[in-house]
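In what follows, a structure is listed as structure tokens, so that the remarks can point back to it.
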Amino acid sequence: MYKIVSAIFLAENIKKIEIEAPRIAKKRKAGQFVMIRVGESSERIPLTIADSDPEKGTISLIVQGMGKSTRELNCKAEGDSIHDIVGPLGTPSHIEKFGTAVSIGGGVGTAIAYPTAVALKEAGNYVITINGARSKELVILEPEMRAVSDEAYITTDDGSYGFHGFVTQKLQELLDSGKTIDYVLAIGPIPMMRAVAEVTRPYGIKTVVSLNPIMVDGTGMCGGCRVTVDNQTKFACVDGPEFDAHLVDFKNLSDRNKMYLPEERKSADLFAHKCNLNTLK
Amino acid sequence: MDAQHITTKERLAIPRQQMPSQDPVIRSHNFQEVNLGYTIEQAQREAQRCIQCKDPVCIKGCPVNIKIDQFIKLIADGNFLGAARKIKEDNVLPAICGRVCPQEDQCEKTCVLAKKYTPVAIGNLERFAADYERENGSVELPTVQPATGKKVAVIGSGPAGLSCANDLVQLGHAVTVFEALHELGGVLMYGIPEFRLPKEIVQAEIEGMKKLGVVFITNSVAGRSVTIDELLEEEGFDAIFIGVGAGLPWFMGIPGENLLGVYSANEFLTRVNLMKSYQFPDNDTPVFNCTGKNVAVFGGGNTAMDAVRTAKRLGAEHAYIVYRRSEAEMPARLEEVHHAKEEGIEFLMLMNPLEFVGNEEQWLTGAKCLRMELGEPDDSGRRRPVPIKGSEFILPVDMAIISIGNGSNPLIQQTTPDIEVSKRDTIVVDINTMATSKESVYAGGDIVTGGATVILAMGAGRTAAAAIHEKLMAAGE
Ligand SMILES: Cc1cc2nc3c(=O)[nH]c(=O)nc-3n(C[C@H](O)[C@H](O)[C@H](O)COP(=O)(O)OP(=O)(O)OC[C@H]3O[C@@H](n4cnc5c(N)ncnc54)[C@H](O)[C@@H]3O)c2cc1C
Ligand SMILES: Cc1cc2nc3c(=O)[nH]c(=O)nc-3n(C[C@H](O)[C@H](O)[C@H](O)COP(=O)(O)OP(=O)(O)OC[C@H]3O[C@@H](n4cnc5c(N)ncnc54)[C@H](O)[C@@H]3O)c2cc1C
Ligand code: SF4
Ligand code: SF4
Ligand code: FES
């Protein structure tokens with residue numbers, strides 16, 4: 001059992017959970033994730049390590065309530081425990097001094113991009129962050145992002161805060177203004193990552209996305225997480241999760257992620273009876 | 001019948017005792033064990049069939065050289081606990097090996113009765129003795145030697161790791177097992193299904209080792225959570241045994257393999273066995289709903305048999321084995337093939353998939369296959385399947401499970417470059433000691449051999465334990 005040291009909502013339905021996991025805290029690098037199992041009958045789900053405190057021996061996860069497993073996790077409070085956590089898994093982000101690096105996060109993708117943005121900054125890049133949300137209440141990690149950015153932009157779909165529009169529009173605006181961009185990292189919903197890839201493709205800018213296929217073990221043993229990259233099959237949990245955006249078959253990924261929709265709905269419905277509104281702020 | 005006073009002729013006249021099993025129609029809908037085990041009478045009668053050869057050649061067929069003649073005599077004499085203990089001198093997991101060893105290729109193949117009669121059912125008897133001991137609560141904890149002050153790390157809790165840990169702890173070393181998954185037992189837990197190997201038996205063995213003092217740390221991936229070098233240099237381990245198995249599923253590299261409904265056997269079996277998705281939604285992990293569907297498993301080994309019989313139990317209307325050679329070449333245990341047939345599994349032999357086809361939503365709808373015929377023998381002596389021109393057809397299936405074997409997971413090799421590996425990424429060892437090219441690091445089981453058997457993995461774990469012990473004690477002087 002792994003103890004939850006703190007658990008706070010950052011926005012509606014998005015919670016930051018700090019867990020005791022000293023070995024992971026010591027070893028993890030930007031871009032890596034853990035597999036967790038909330039309880040004894042829970043699924044194993046992957047979550048990015050948003051932050052860690054090696055001294056304290058804790059790691060932080062930022063979780064968006066989607067279906068049963070993430071909502072069950074978001075019901076947990078300080079002092080509770082989770083059953084299993086294993087990591088750090090996945091190949092760490094490839095970090096170097098690219099020059100000007102843009103980190104783009106959509107929704108909870110902002111949390112996944114955050115550690116890599118920090119590492120890009122530490123490597124001496126000029127870091128621009130663009131973080132999108134549907135509306136103002138859903139913006140997360142704004143102060144943290146500003147702290148690591150040379151330029152920070154927030155976009156909202158409804159215009160309630162920051163730039164009115166999508167992250168891709170903001171990116172296009174930067175490119176149109178004649179800015180040289182050497183590297184783009186985009187993490188968020190599949191349509192967003194695909195759209196970013198199309199914006200940067202004509203410019204030949206190296207663009208990396210973090211893929212989110214369905215995983216089981218997270219160690220390369222099952223092949224369930226396979227994605228198609230450059231017409232080859234890759235296991236996202238060991239070969240990734242980060243891949244060259246211009247080579248990813250996003251359609252295959254989004255199709256495969258629909259594999260268990262009826263079952264996911266069923267689990268979520270059953271869970272809703274148990275835990276109602278606790279998942280919300 | 002008095003065991004002492006029967007003639008060889010009388011022994012040879014006893015028919016091989018059939019293992020009682022659940023009715024095929026009933027069992028193809030449940031996950032309880034298929035085989036029910038010998039009764040005491042059956043076991044003794046089967047034991048009497050053994051003619052107690054002067055030169056018991058059966059022993060040479062067993063990779064760990066169990067004293068087969070002796071344990072069988074103990075059963076014939078009614079000393080069942082004695083038999084169990086005799087087996088355990090050489091095999092620490094007899095209840096498991098008795099169930100899963102490919103006996104027809106090992107001990108029972110070399111039994112002198114095999115040629116003219118039917119071989120003694122050595123595996124069934126081994127299982128009987130081990131079950132008798134466990135079910136009567138008579139398992140004795142072995143004595144542990146005084147502490148040596150040496151620390152050994154075992155990576156992986158499959159049969160190789162467990163047997164290595166078991167021997168080392170008894171020799172007085174402090175043993176810590178690191179396991180990547182949340183559950184201990186390796187393939188015995190996540191691969192081989194409950195209906196063939198009840199998980200309770202595996203867990204009982206592990207509980208015994210915990211009592212002896214083995215420390216188990218789950219959720220710990222060597223190469224990621226901790227590296228081999230860190231274990232040696234920072235955590236003070238004096239030696240390391242790597243028993244991480246062959247856990248990297250191969251795919252066929254044909255079009256359509258990433259359609260929805262195409263699984264590796266590892267994923268399917270892990271979801272069902274480890275994550276218990278047959279109990280969805282009580283357990284959260286879902287798996288393809290096989291009810292009323294057509295499921296094809298590609299391959300002919302034990303894994304393929306386990307996958308296809310699992311799909312049948314989950315309600316598949318048609319459950320096929322599609323294999324590119326003929327039935328005689330299938331590497332699966334004979335008993336599993338026999339059981340699968342009884343359960344209504346359909347065997348499509350000499351057939352090779354070329355492509356998977358799907359619908360608009362990218363769900364699998366069929367496998368385009370080619371029929372084969374047997375040609376000249378290849379390097380392995382098996383007749384090579386050659387395609388029959390123009391024989392393509394589409395086999396309508398809703399789910400496909402690829403079960404063509406596993407490669408080795410390269411995590412440890414990648415993070416420990418001074419461990420020598422073969423072209424196939426398996427770890428290279430000295431087979432007498434299981435020592436790798438790296439000082440104080442040993443390896444055994446599937447990570448060395450590629451996918452093999454439980455008994456070979458166990459034997460390798462024990463060989464390594466002996467070598468580690470010798471090395472550590474020599475160093476201590
Ligand atoms: C490498 C990686 C890192 C991730 N990091 C984060 C993170 O930091 N924060 C966060 O909120 N989310 C993260 N996710 C996504 C998160 O794992 C899923 O939202 C979660 O598994 C959904 O489970 P559920 O039961 O709540 O929802 P469900 O209703 O079961 O599923 C909702 C959707 O989530 C996806 N999903 C379902 N099961 C799994 C599974 N076992 N593995 C992966 N995806 C699944 C599917 O696309 C599905 O349609 C990450 C995913 C990956 C692959
Ligand atoms: C479905 C199936 C059916 C089979 N049926 C039979 C049968 O009937 N008879 C038979 O004799 N053999 C059978 N086999 C083969 C047999 O199970 C294997 O040969 C045997 O289990 C190998 O043992 P092992 O200890 O080397 O590895 P495994 O049993 O594979 O155990 C390795 C363990 O190491 C863990 N691990 C992996 N990487 C790491 C890491 N980096 N850090 C920490 N831990 C790690 C794994 O999670 C696993 O628990 C079958 C195999 C399968 C898959
Ligand atoms: S361990 Fe396997 S090969 Fe050896 S005697 Fe037992 S069943 Fe036969
Ligand atoms: S070879 Fe067969 S008959 Fe002879 S001792 Fe072994 S089991 Fe008995
Ligand atoms: S999640 Fe199983 S191989 Fe990646």
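Those protein sequence lines, which keep their order, are chains C and F. Position 258 (the first sequence) corresponds to 258 in UniProt numbering; numbering is contiguous. Position 381 (the second sequence) corresponds to 381 in UniProt numbering; numbering is contiguous. C-beta atoms are modelled at their ideal positions from N, C-alpha and C, and glycine is treated no differently. Predicted model, so just to flag it, every value in this text is computed and none were measured.
Buried or exposed (CB count within 10 angstroms, at least 16 for buried), residue i
i      : result
D131/F : buried
S408/F : buried
H469/F : buried
S380/F : exposed
I26/F  : exposed
Y114/C : buried
K389/F : exposed
F356/F : buried
R309/F : buried
V139/C : buried
H164/C : exposed
I104/C : buried
Y38/F  : buried
E137/C : exposed
Q145/F : exposed
I431/F : exposed
R44/C  : buried
L334/F : exposed
D84/C  : buried
E40/C  : exposed
For residue i, the three-state DSSP class (helix, strand or coil)
i             : result
C62/F         : coil
T110/C        : helix
residue 481/F : What the structure shows of chain F is the stretch from 1 to 477, and residue 481/F is not part of that stretch, so it cannot be assessed.
M145/C        : helix
A400/F        : strand
M1/F          : The pLDDT assigned to M1/F is 47, lower than 50, so where the model puts this residue is not dependable, and the model offers no usable value.
F280/F        : coil
P142/F        : coil
K151/F        : strand
T416/F        : coil
K15/C         : strand
T270/F        : helix
Endpoints, the beta strand (DSSP E) within which residue i is located
i      : result
M35/C  : F33 to R37
T365/F : L364 to P377
F2/C   : At residue 2/C the sequence reads Tyr, which differs from the Phe that was named. Start and end: Y2 to A11.
G183/C : At residue 183/C the sequence reads Tyr, which differs from the Gly that was named. Residues Y183 to I187.
S163/F : Per DSSP, S163/F belongs to no beta strand (DSSP E); it is in the alpha helix (DSSP H), P159 to Q170.
M351/F : M351 to G358
P88/C  : D84 to L89
L61/C  : T58 to Q64
G132/C : Y126 to A133
N-terminal and C-terminal residue of the alpha helix (DSSP H) that residue i is part of
i      : result
K258/C : No alpha helix (DSSP H) contains K258/C, which DSSP labels as neither H nor E.
P410/F : First-last for P410/F: undefined, no H or E at that position.
K239/F : A small fix is needed here, since residue 239/F is Ala in this sequence, not Lys. First-last for A239/F: A239 to I242, but that is the beta strand (DSSP E), not the alpha helix (DSSP H).
Y132/F : I122 to E135
Y190/F : V187 to Y190
Chain D contact for residue i (CB, 8 Å cutoff)
i     : result
K68/C : The question asks about chain D, but that chain is absent: this structure's protein chains are C and F.
**Message:** Would you call the segment 68 to 87 of chain C in contact with the segment 303 to 312 of chain F, where contact means no fewer than 3 C-beta pairs closer than 8 Å?
**Reply:** no
**Message:** Does the structure place the segment 445 to 458 of chain F close enough to the segment 60 to 69 of chain F that three or more beta carbon pairs sit under 8 Å?
**Reply:** yes
**Message:** Whether or not the segment 352 to 367 of chain F and the segment 332 to 343 of chain F are in contact is what I'm after, with contact meaning three or more pairs of Cβ atoms, one per stretch, closer than 8 Å; do they touch?
**Reply:** no
**Prompt:** Is it a yes or a no for the segment 187 to 198 of chain C touching the segment 222 to 240 of chain C, going by three-plus beta-carbon pairs under 8 Å?
**Reply:** With the cut-off at 8 Å, the segment 187 to 198 of chain C and the segment 222 to 240 of chain C do not touch.
**Message:** Measuring CB atoms only, is the segment 428 to 440 of chain F touching the segment 237 to 252 of chain F, in the sense that at least three cross pairs come out at less than 8 Å?
**Reply:** yes
**Message:** Quick test of the definition: if touching needs 3 or more C-beta pairs under 8 Å, does the segment 122 to 130 of chain F touch the segment 80 to 93 of chain F?
**Reply:** yes
**Item:** Segment contact, 8 Å Cβ cut-off, at least three pairs: the segment 111 to 131 of chain C with the segment 240 to 260 of chain F
**Value:** Fewer than three beta-carbon pairs drawn from the segment 111 to 131 of chain C and the segment 240 to 260 of chain F are found closer than 8 Å, and the two stretches are therefore not classed as touching.
**Request:** For the segment 122 to 132 of chain C and the segment 95 to 102 of chain C, state whether three or more C-beta atom pairs, one from each stretch, are separated by less than 8 Å.
**Result:** yes
**Message:** Whether or not the segment 66 to 74 of chain F and the segment 157 to 168 of chain F are in contact is what I'm after, with contact meaning three or more pairs of Cβ atoms, one per stretch, closer than 8 Å; do they touch?
**Reply:** no
**Request:** Decide yes or no for the touch test of the segment 274 to 289 of chain F against the segment 254 to 268 of chain C: beta carbon pairs closer than 8 Å, at least 3 of them.
**Result:** yes
**Prompt:** Per the contact definition of three or more C-beta pairs closer than 8 Å, is the segment 410 to 419 of chain F in contact with the segment 346 to 360 of chain F?
**Reply:** no
**Message:** Run the Cβ filter for me: residues under 7 Å from any heavy atom of ligand 5, listed in the order they occur in the chain.
**Reply:** My final list is M215/C, V216/C, D217/C, G218/C, T219/C, G220/C, M221/C, C222/C, G223/C, G224/C, C225/C, F235/C, A236/C, C237/C, V238/C and E267/F.
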